[in-house]
Structure formats: structure tokens, C-alpha cells
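Numbering (our numbering), first residue to last: -7 to 313.
We put the CB at the ideal spot given by N, CA and C, even for glycine.
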């Protein structure tokens, strides 16, 4: 994929990677979505383009659907949203920036100009928090404007992997709420690659070539992002944001996820949190690890994501005609 940097209306910068196949009457869908990838904690946009096999680029090229992966605010050279205002939180600022600044800029640069009719968000792990909040804010704008394409970008769907409602009981360095809070300035935590990869991948679920790239893929994590999962997100998200999402949602729970409970019961509970969505698809991916996009399931999962996104774009387009 190609790297990019965009200037945002608030003076900030968002960077990332993109793959923009040109529209083709013979291969591109009539209703063409723009997929936007949002990486999880301790990764970057590279999560969606690790090598020639573990990449969204193959499905993007094959189906003629653009894909943009951002470095989330506070990662790489994307501008941090610090200090976090009183009365707000890390996930709330992430969602607000997505909704007000980042998604409108991505839509103008890579969506409407490329013949797309809508955006579908493709989120891994903690990348889902801001996406869910942005989707809830978009629905709120839609209610006020009575317009399915409310605001500065049309949202048609939401995809989530490596996340949920039931974290494993034993807190570890990736989910602990005991991390010190720092809301005034960005404080980063370095995670040892070996310990991190042990949580990301169950034995036998990933190519050794991916493990060998652990250092290349590893990124420091904002301490407040880790702390806010249990202190802010889990107690509040279902009623305040999850239930307000209107667009179609697809979720996958990995059976061998070391961070989230890999059961049918958890899947049903997670899907049920999107009670206002017009469509909720979900699956328990047997044998898969937390980082499904980097695992042996990678291309199968990407194929499903792009297929779901095309369905969302078609439903969005037909409803608007």
C-alpha cells in the first residue's frame, strides 16, 4: 500500500496507508464502498498490510474496492488529541475526532472522488471504540437532519474483530485498569514484542513469518487507552453508544482469543449490544486467535469484510434511490 498524510480541518494531521484501485465497469461493484481500517492498541496502519499474504490489498484489488488504513490519533505521526478535556475520555475523543475531522477528510480525498457511495469501518480490537462512538454520533446527526448521508460523510456499515463485552478474567498488561492515568499529556507504554505476541496468537494459528515481524509491527500504546477500557468503556458503552448505532454491523469473536472470551454466549451478548442496528451479523471463528487479520484465517476474514462492505454499500445505495 502507499503511505499518505492528510491535513485535517482542526489543524491536525492523520497519516496511514491506502490502496485505491481505479473504478472498473467490468469488476468494480455498482455501489462501491470505501473501507477504512482502524488498528488496535500497540499496532499501526501496517496491521492491515503486513506482507504480500496478510494484507487487505488482495481483496481490495480483486474486488475493485478502495481501502484506507489510518494511524490512529496518538500513533505514529498522526496528531494526538491531548490534553483530554474534563468530562471526556480517550475513547470519546477518538470517536469525536473520527466523526468530525478524520472520516470527512478521508471521504473527500478517497471516497467521493473515487466513485464510492459510502464508508464502511473495519476495526480491530481497541480501534472499535472510536468507530462505535463515531457511528453513534452519525446516527444522532441523521436523526437531526433526517438524512441517511448525514454530516460530511455517508456511513453504511461497521465491522469489528478482536473485541467484545466479556474480557478474560485475568487482567494482563494489555487490559489492566491499574495503569496510571495521564489526561494532560501523551504517555506511552512499551510492550515487549514476545510477551505481546504470546497474547495475540495462540500456538499454531499464525505463520512464523508474522512472528518474525513482531518488532516491526510493535508500537507504543497510550497509557490512557489501556486504562479507559475497563474504567470508561466497558461500564458505559452498551447504553451510551452501542445501542445508538444504526448501520449494519458484522462482528467476529475468535475462539482462542487470549483477551476476550471465545464462546457462543459472548458472541450473542456482543451482537445484542447493537440493539438499534438494522442488521447484525456475527460468527465465532473456531480456532482463531486475537489477531485474526494476521493469522491463517487472514484472507478468509478479509474476503468476508469486503463482501459485507459491498452488501452494505448496495443496501445504502438502493435505499437512497
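Secondary structure note for residue -6: it is in no alpha helix (DSSP H), and the uninterrupted beta strand (DSSP E) holding it is -6 to -1.
In the DSSP assignment, residue 110 forms a beta bridge with 25. Taking C-beta atoms as the reference points, residue 177 and residue 75 count as a pair closer than 8 Å. Between residue 6 and residue 123, the alpha-carbon positions lie close to 15 Å from each other. Excluding residues up to 5 positions away in sequence, 241, 263 and 266 lie with their Cβ nearer than 6 Å to the Cβ of residue 272 in the same chain.
Judged by beta-carbon spacing, residue 60 lies within the 8 Å limit of residue 102, meaning their Cβ atoms are closer than that value. Shown here, residue 150 sits in a strand according to DSSP, grouped into three states. Take residue 256, set aside five residues on each side of it, and the residues of its chain with a beta-carbon closer than 6 Å to its own are 276, in chain order.
Pairing residue 269 with residue 280 gives a Cβ-Cβ distance that is not under 8 Å. No Cβ-Cβ contact shorter than 8 Å links residue 146 with residue 94. Taking 4 residues as the minimum length, the alpha helix (DSSP H) runs contained wholly in the region 16 to 98 are 49 to 55, 82 to 89 and 95 to 98, in order along the chain. Residue 213 and residue 119 have their C-alpha atoms roughly 12 Å apart.
Under the DSSP assignment, residue 5 falls in the beta strand (DSSP E) whose first and last residues are 5 to 11. Note on residue 227: under 16 other CB atoms within 10 angstroms of its CB, so exposed under the neighbour-count rule. Straight-line measurement puts the Cα of residue 137 at about 43 Å from the Cα of residue 248.
Beta-bridge partners of residue 242 (DSSP): 151 and 273. Distance check between residue 11 and each of 19, 23, 3 and -5 places -5 closest, using alpha-carbon atoms only. Residue pairing of residue 181 in beta bridges, as defined by DSSP: 213. The C-alpha of residue 309 is placed about 6 Å away from the C-alpha of residue 23.
Pairing residue 26 with residue 209 gives a Cβ-Cβ distance that is not under 8 Å.
Looking from the CA of residue 108, the closest CA among 186, 54, 161 and 16 belongs to 16.
Contact between residue 65 and residue 125 is ruled out by a C-beta separation of about 13 Å, above the 8 Å threshold. Residue pairing by DSSP places residue 115 opposite 30 and 152 in a beta bridge.
The beta carbon of residue 244 sits closer than 6 Å to those of 153, 275 and 277, all from its chain and outside the five residues before and after it, given in chain order. C-alpha of residue 259 to C-alpha of residue 156: approximately 8 Å in a straight line. The alpha-carbon of residue 106 is positioned some 14 Å away from that of residue 28. Under the DSSP definition of a beta bridge, residue 159 partners with 252.
In the three-state scheme derived from DSSP, where H, G and I count as helix and E and B as strand, residue 266 is classed as coil. Note on geometry: alpha-carbon atoms of residue 98 and residue 20 lie some 20 Å from one another.
The continuous alpha helix (DSSP H) containing residue 203 extends over residues 200 to 203. By the Cβ neighbour-count rule, residue 2 is exposed, with fewer than 16 other Cβ atoms within 10 Å of its own. For residue 283, the secondary structure class from DSSP, reduced to helix, strand or coil, is coil.
Rounded to whole angstroms, residue 187 and residue 197 show a C-alpha spacing of 16 Å.
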